[in-house]
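**Student:**
In my numbering, the protein residues as written are 35 to 347.
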């Protein structure tokens with residue numbers, strides 16, 4: 035592939051207009067992107083016009099049944115020789131020309147920082163609850179997180195998001211890359227291992243991307259089930275660190291925000307949504323005690339379980 039300062043890796047599935055806009059904006063970055071490595075799931079759904087006019091794009095196809103959050107990204111990383119690798123999702127849109135530069139600057143700011151992730155801002159049409167909760171999870175202040183922050187931040191010490199995150203490629207390679215298999219949270223698992231090894235993770239609030247979803251209640255349930263599963267699969271990272279406390283804090287602050295904005299009528303929906311999140315997460319953490327049929331109903335990733343039936347035993 036040849037050496038470059040930064041390569042960008044993007045897993046895709048049925049890419050559409052947003053991917054074209056993402057690629058266009060990557061070409062405009064003040065920190066030049068060497069290669070854009072697209073790991074596409076299901077070649078039959080790939081539109082070759084997506085990369086027209088993008089000279090530094092290269093596409094690798096994998097079968098839908100083979101998709102895994104960790105291995106797909108590791109495949110892209112294996113084709114890079116850059117100093118830094120940036121992972122993005124296909125629906126993340128850079129807000130300006132400085133996203134890559136600011137992520138790289140965050141990594142360069144201290145030799146112990148091995149990952150830096152961007153601030154996510156809501157897209158147009160994002161509903162008010164999701165809009166507020168974006169601001170709760172992605173505040174305007176940057177922060178470097180180390181092991182000594184565990185008492186204050188709890189689980190958020192390990193938080194990192196591959197919606198848009200930059201890694202020291204050499205460290206990523208030497209540490210084994212993202213965990214495989216990964217049903218969810220490959221970014222947090224990597225960050226947690228790095229922090230526990232004495233390194234740091236940076237939240238770079240100045241690097242901003244547009245990214246949000248208006249998930250249904252059931253979609254939230256399925257996502258949080260897989261989130262709970264990922265934590266149950268990695269007790270070396272998550273055991274003994276409560277996650278629910280941050281969720282309760284966010285719900286309380288969201289209630290106050292809705293009242294302040296005169297949207298108190300949305301509180302019953304917030305309560306139902308939050309209950310489904312908690313139920314999904316709690317079930318996911320007890321996945322080893324659940325029957326296969328219930329697991330397949332609860333997950334948003336049935337192919338993961340079909341590929342790893344040994345985990346159902």
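C-beta: ideal position from N, C-alpha, C; glycine also.
None of the values given here were measured: they were computed from a predicted structure.
Starting from residue 147, trace the beta strand (DSSP E) both ways and give me its first and last residue.
**Tutor:** Taken as a continuous stretch (DSSP letters only), the beta strand (DSSP E) holding residue 147 covers 147 to 155.
**Student:** Measure from the alpha carbon of residue 153 to the alpha carbon of each residue in 42, 168, 209, 297, then state which is nearest.
**Tutor:** That would be 168, whose Cα lies nearest to the Cα of residue 153.
**Student:** From residue 312 to residue 90, what distance separates their C-alpha atoms?
**Tutor:** Those two C-alpha atoms are separated by around 43 Å.
**Student:** Is the separation between the beta-carbon of residue 235 and that of residue 126 shorter than 7 Å?
**Tutor:** It is not a contact, given that the beta carbons lie outside the stated cut-off.
**Student:** Let's test the definition: count the other Cβ atoms within 10 Å of the Cβ of residue 220 and tell me whether it reaches 16, buried, or not, exposed.
**Tutor:** So residue 220 ends up on the buried side.
**Student:** Report the CB separation of residue 60 from residue 73 in whole angstroms; it is logged as a contact under 8 Å.
**Tutor:** Residue 60 to residue 73, Cβ: 15 Å. No contact.
**Student:** I need the straight-line Cα distance from residue 288 to residue 163, nearest angstrom please.
**Tutor:** One C-alpha to the other measures close to 7 Å.
**Student:** Could you please give the first and the last residue of the uninterrupted beta strand (DSSP E) stretch that includes residue 43?
**Tutor:** Here the beta strand (DSSP E) through residue 43 covers 40 to 47.
**Student:** Please report the straight-line C-alpha distance between residue 48 and residue 87, rounded to a whole angstrom.
**Tutor:** Distance between the alpha carbons of residue 48 and residue 87: 19 Å.
**Student:** According to DSSP, is residue 337 helix, strand or coil?
**Tutor:** Helix, per DSSP.
**Student:** Between residue 99 and residue 337, how many whole angstroms is the CB-CB distance? I'm expecting something under 8 Å.
**Tutor:** That pair is a contact at about 5 Å.
**Student:** On the criterion of 16 or more Cβ atoms from any shown chain inside 10 Å, does residue 256 qualify as buried, or is it exposed?
**Tutor:** Counting Cβ neighbours within 10 Å, residue 256 comes out buried, since at least 16 surround it.
**Student:** How long is the line joining the alpha carbons of residue 273 and residue 67, rounded to whole angstroms?
**Tutor:** Roughly 38 Å separates the two Cα atoms.
**Student:** Quick one, which of 232, 208, 192 has its alpha-carbon nearest residue 223's?
**Tutor:** Here the closest residue by C-alpha is 192.
**Student:** Apply the 10 Å Cβ neighbour rule to residue 328 and answer buried if 16 or more other Cβ atoms are within range, or exposed otherwise.
**Tutor:** Exposed, by the Cβ-count rule.
**Student:** By DSSP, does residue 28 sit in helix, in strand, or in coil?
**Tutor:** In the structure displayed, the chain extends from 35 to 347; residue 28 sits before or after that span and is not available.
**Student:** On the criterion of 16 or more Cβ atoms from any shown chain inside 10 Å, does residue 119 qualify as buried, or is it exposed?
**Tutor:** That one is buried.
**Student:** Quick one: give me the first and last residue of the beta strand (DSSP E) that residue 295 is part of.
**Tutor:** Where residue 295 is concerned, there is no enclosing beta strand (DSSP E), given that its DSSP letter is neither H nor E.
**Student:** Kindly indicate the opening and closing residues of the beta strand (DSSP E) around residue 121.
**Tutor:** Residue 121 -> beta strand (DSSP E) spans 118 to 122.
**Student:** Answer with buried or exposed for residue 199, where buried requires no fewer than 16 other C-beta atoms within 10 angstroms of its C-beta.
**Tutor:** Result: buried.
**Student:** What does a CB cutoff of less than 7 Å around residue 81 pick up in its chain, not counting 5 residues either side in sequence?
**Tutor:** Counting only Cβ-Cβ distances below 7 Å, and skipping sequence neighbours, we find 49.
**Student:** Give the single residue among 204, 244, 240 whose Cα lies nearest to the Cα of residue 145.
**Tutor:** For residue 145, the nearest C-alpha among the options comes from 204.
**Student:** Excluding the 5 residues flanking residue 271 on each side, which residues of the same chain have their C-beta closer than 8 Å to its C-beta?
**Tutor:** The answer, listed in chain order, is 192, 222, 223, 226, 227, 230, 265.
**Student:** Nearest to residue 85 by CA position, among 106, 52, 109, 113, is which residue?
**Tutor:** Considering only alpha carbons, the answer is 52.
**Student:** In whole angstroms, what separates the C-alpha of residue 143 from that of residue 250?
**Tutor:** In a straight line, the C-alpha of residue 143 is about 40 Å away from that of residue 250.
**Student:** Taking the straight line between their C-alpha atoms, what separation do you get for residue 308 and residue 115?
**Tutor:** Cα to Cα, the separation comes out at about 43 Å.
**Student:** Run through the DSSP bridge pairs and tell me what residue 179 is partnered with.
**Tutor:** DSSP output for residue 179 lists 235 as bridge partner(s).
**Student:** For the beta strand (DSSP E) that contains residue 202, what are its first and last residues?
**Tutor:** 198 to 202 is the extent of the beta strand (DSSP E) around residue 202.
**Student:** Can you give the Cα-Cα distance for residue 177 and residue 300, rounded to whole angstroms?
**Tutor:** Straight-line Cα distance between these residues: approximately 32 Å.
**Student:** In the DSSP assignment, the alpha helix (DSSP H) including residue 229 goes from what residue to what residue?
**Tutor:** Counting along the chain, the alpha helix (DSSP H) containing residue 229 begins and ends at 220 to 230.
**Student:** Looking at the secondary structure, which residues open and close the beta strand (DSSP E) in which residue 72 lies?
**Tutor:** Unbroken beta strand (DSSP E) run through residue 72: 70 to 75.
**Student:** For the alpha helix (DSSP H) containing residue 51, name the first residue and the last one.
**Tutor:** First-last of the alpha helix (DSSP H) with residue 51: 51 to 61.
**Student:** For residue 241, does the three-state DSSP call read helix, strand or coil?
**Tutor:** In this structure, residue 241 counts as strand in the three-state DSSP scheme.
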